[in-house]
Structure formats: C-alpha cells, structure tokens
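This report refers to the structure that appears directly beneath it.
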Amino acid sequence: RAPVRGRRCASSSMLSVRIGARGGARALARSRGYLTLGALPEEVSMVREMARSFAETELYPVAGHTDAAHEYPHKQVVQLAELGLLGMMVPENFGGAGMSSLAYAVALEEISRGCASAGVIMSANNSLYCAPLLKYGNDAQKTEFLTTYAKGEQVGCFGLSEPGNGSDAGAATTMAIEDGPDHFRLNGTKAWITNAHEAKCAIVFATTDKAAKHKGISAFIVPMDLPGFNLGAKEDKLGTSTETLC
C-alpha cells in the first residue's frame, strides 16, 4: 500500500458451407472474412507448425505435473522466448518477431493446446504488456521498457483490476498524483494480476483526474523493484496453476 512512483506513459455471422466443388468452401470462407487452415499464408502455416511441434514435445508432456505442483514453467518460458513467441507483433528493431496478429493468434492457439498456463503467460506478455507499450509508448519508453520484454528476456504484467471493482476501469480507486517533472506517485491496490511474481515491470492504471471519471484514467510504466511496490500472496486457483496470479 505504500506509494509508488511511475511514468505515464461487427458482429460475426454463422458460416454454413456445403462440401462440394473443389475450393468452394475456401472461396466462401474468404468472401466472408474467414480463413480455413489450408488458406493460411505460408509464413503463418510455418509458425503454426513450429508452435504445434513445441507444444506437443515440450509442453504437453509436463503440463499435468506443473499444473498439479503449481510450478512456474521457467524452462518452457525461456524456450518460448527463443522461438520469438513472447513479442510476436513487436517490430524487430524493438526486439520482437515483427509478425502479424494472425500469426500470433494461430501460435497462441497451438501453445494453449499443449498447456493452457503457457498460453496465458504468452498472451499476457504479448497482449497486455507489449501491445500497449508498442501502441502508446514513445521511442525512449520502448527502448527501455519494451525491447527486453519483446525478446522474452523478462516478462511484464498488467495492473487494471482491483479488489473492489474487478475490471471496471471507471471505478478504479488507485490514484496518481504528480510528484515532480514527468513523475507521479501511485497509491492503491491491484488484484488478479497474471505473471505478477515473475514480472519485472507493470503497466498500471490509475486515476489522474477524478472529476473526468473514466476519461481521467492514465496508464503508467512501473518498474516492480521500486520502493513501495509490494506483491501479495499467490492465488490458489482451480486451473492454469503454473502461471502466477496475485
């Protein structure tokens, strides 16, 4: 609870296909905005096969044990990083693989098929930490706080939910008060944060203008080794127990 300093930083329709003329289903899928597995771009198909092979050989054989033991899969996370799967949509100049969202979605599906917890770890780093920094961070912030995370040398986390309001950002009670040039002092509590015990940095949401309600909320880049940043106990979950939550 001690204050912490940080920096600000269509509806789909059912697809009904009659199996008949060669290529008909694929053509119809494309016309509707869908892709069949056979219609995936070659690069995406290669990513899918790589992810599937890794899931079958490295994740599935140990998933039951690590989940029952609540054991974080350090070795497998390092391997995910080596495969470029922890910063898939981040450009190469910021440490990522520079791939499409389609490649990311397909790879995540295969990884989750082998181990749901590994999929959660992968998605949290890609979607909740790297993506906001990539879209809204400046170049200096990306260089300092994105590159090593996109490479998978470290993992990040995302602090939105709170004990009293879940993911309702407009009801957040965490406050951020200016405390010098380009610095703020944060005070509040977050909950159910994926990767929290392994992460080195967090994107934390806090209110900077209470009168503006939901429009007065800002996101902050908060290194987790700052004085006043305290972690709660790990949650004892029913499933996906190898990824930590607190």
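Residue numbers (this note's numbering): 1 to 246. Glycine residues also receive a C-beta, built at the ideal position from the N, C-alpha and C atoms.
- request: For Ser123, I'd like the list of residues in its chain whose CB is within less than 7 Å of its CB, leaving aside the five on either flank, ordered along the chain.
  value: Position 123 of the sequence shown, counting from 1, holds the residue named residue 123. Counting only Cβ-Cβ distances below 7 Å, and skipping sequence neighbours, we find Leu108.
query: Which term fits Ile177, buried or exposed, when burial requires 16 or more other beta carbons within 10 angstroms of its beta carbon?
result: Indexing the sequence shown from 1 puts residue 177 at position 177. With fewer than 16 other Cβ atoms within 10 Å, it is exposed.
query: In terms of alpha-carbon separation, which member of Gly188, Pro73, Thr148, Glu92 lies closest to Ala171?
result: Along the sequence shown, read from residue 1 onward, the residue named residue 171 stands at position 171. Of Gly188, Pro73, Thr148, Glu92, the residue nearest in Cα terms is Gly188.
task: Report the partner residues of Gly156 according to the DSSP bridge assignment.
output: Within the sequence shown, the letter at position 156 stands for residue 156. According to DSSP, Gly156 bridges with Cys201.
- request: State the Cα-Cα distance for the pair Met46 and Tyr149, rounded to the nearest angstrom.
  value: Taking the first residue of the sequence shown as position 1, residue 46 is located at position 46. Taking the first residue of the sequence shown as position 1, residue 149 is located at position 149. Met46 and Tyr149: Cα-Cα distance of roughly 24 Å.
- prompt: Is it a yes or a no for the region 87-102 touching the region 70-78, going by three-plus beta-carbon pairs under 8 Å?
  reply: no
message: Using the Cβ count rule (16 or more neighbours within 10 Å means buried), how would you classify Glu42?
response: In the sequence shown, the residue the question calls residue 42 occupies position 42. By the neighbour-count rule (16 or more Cβ atoms within 10 Å), Glu42 is not buried but exposed.
- request: Taking Glu58 as part of the alpha helix (DSSP H), name the residues at either end of that continuous run.
  value: As a working note, residue 58 is residue 58 in the sequence shown. No alpha helix (DSSP H) contains Glu58, which DSSP labels as neither H nor E.
- prompt: Between the C-alpha atoms of Gly23 and Phe220, what's the straight-line distance to the nearest angstrom?
  reply: To locate residue 23, count along the sequence shown from 1; it is residue 23. To locate residue 220, count along the sequence shown from 1; it is residue 220. Confidence is the limiting factor: at Gly23 the pLDDT is only 45, short of 50, which leaves the residue's position unreliable and the question unanswerable from this model.
- prompt: Since Asn187 sits in a beta bridge, which residues does DSSP pair it with?
  reply: Working through the sequence shown from its first residue, we reach residue 187 at position 187. Per DSSP, Met175.
task: Give the single residue among Ala140, Thr143, Gly156, Ala97 whose Cα lies nearest to the Cα of Val120.
output: By 1-based counting over the sequence shown, the position of residue 120 is 120. Of the candidates Ala140, Thr143, Gly156, Ala97, the one whose C-alpha sits nearest the C-alpha of Val120 is Gly156.
- prompt: Based on the DSSP secondary-structure assignment, which residues constitute the bridge partners of Glu162?
  reply: One-based indexing of the sequence shown puts residue 162 at position 162. Gly166.
field: C-alpha gap between Glu82 and Ile203, whole angstroms
entry: Counted from its first residue, the sequence shown places residue 82 at position 82. Counted from its first residue, the sequence shown places residue 203 at position 203. If I take the Cα positions, the gap works out to 24 Å.
- request: May I have the straight-line CA-CA distance separating Gly84 from Gln154, to the nearest angstrom?
  value: Sequence index remark: in the sequence shown, residue 84 carries index 84 (1-based). Sequence index remark: in the sequence shown, residue 154 carries index 154 (1-based). Cα-Cα distance, rounded: 13 Å.
message: Tell me which residue opens and which closes the beta strand (DSSP E) that Ser112 is part of.
response: Taking the sequence shown and counting its residues from 1, the one referred to as residue 112 is at position 112. It is not in any beta strand (DSSP E) - Ser112 instead sits in the alpha helix (DSSP H) that spans 101-114.
message: At a cut-off of 7 Å, would you count Ala169 as near the ligand MN, judging by its Cβ distance to the nearest heavy atom?
response: With respect to small molecules bound, the structure shown includes none, and the ligand MN cannot be examined in it.
message: Taking only three categories from DSSP, how would you classify Cys9?
response: Here residue 9 refers to the residue found at position 9 when the sequence shown is read from its first residue. Because the pLDDT at Cys9 is just 49, under 50, the model does not fix this residue reliably, and the value given afterwards should be weighed accordingly. Three-state result, Cys9: coil.
message: Am I right that Ser218 and Trp192 are in contact with their C-beta atoms under 8 Å? What's the rounded C-beta distance?
response: Sequence index remark: in the sequence shown, residue 218 carries index 218 (1-based). Sequence index remark: in the sequence shown, residue 192 carries index 192 (1-based). Contact doesn't hold; Cβ gap of about 21 Å is too wide.
field: Contact belief for Met89 with Ala131 at Cβ below 8 Å, rounded distance in angstroms
entry: Your numbering for residue 89 matches position 89 in the sequence shown. Your numbering for residue 131 matches position 131 in the sequence shown. Going by Cβ atoms, the distance from Met89 to Ala131 rounds to 7 Å, so yes, they are a contact pair.
field: Buried versus exposed, by CB contacts within 10 Å (16 or more), Tyr136
entry: Stepping through the sequence shown from its first residue, residue 136 is reached at position 136. Label assigned to Tyr136: exposed.
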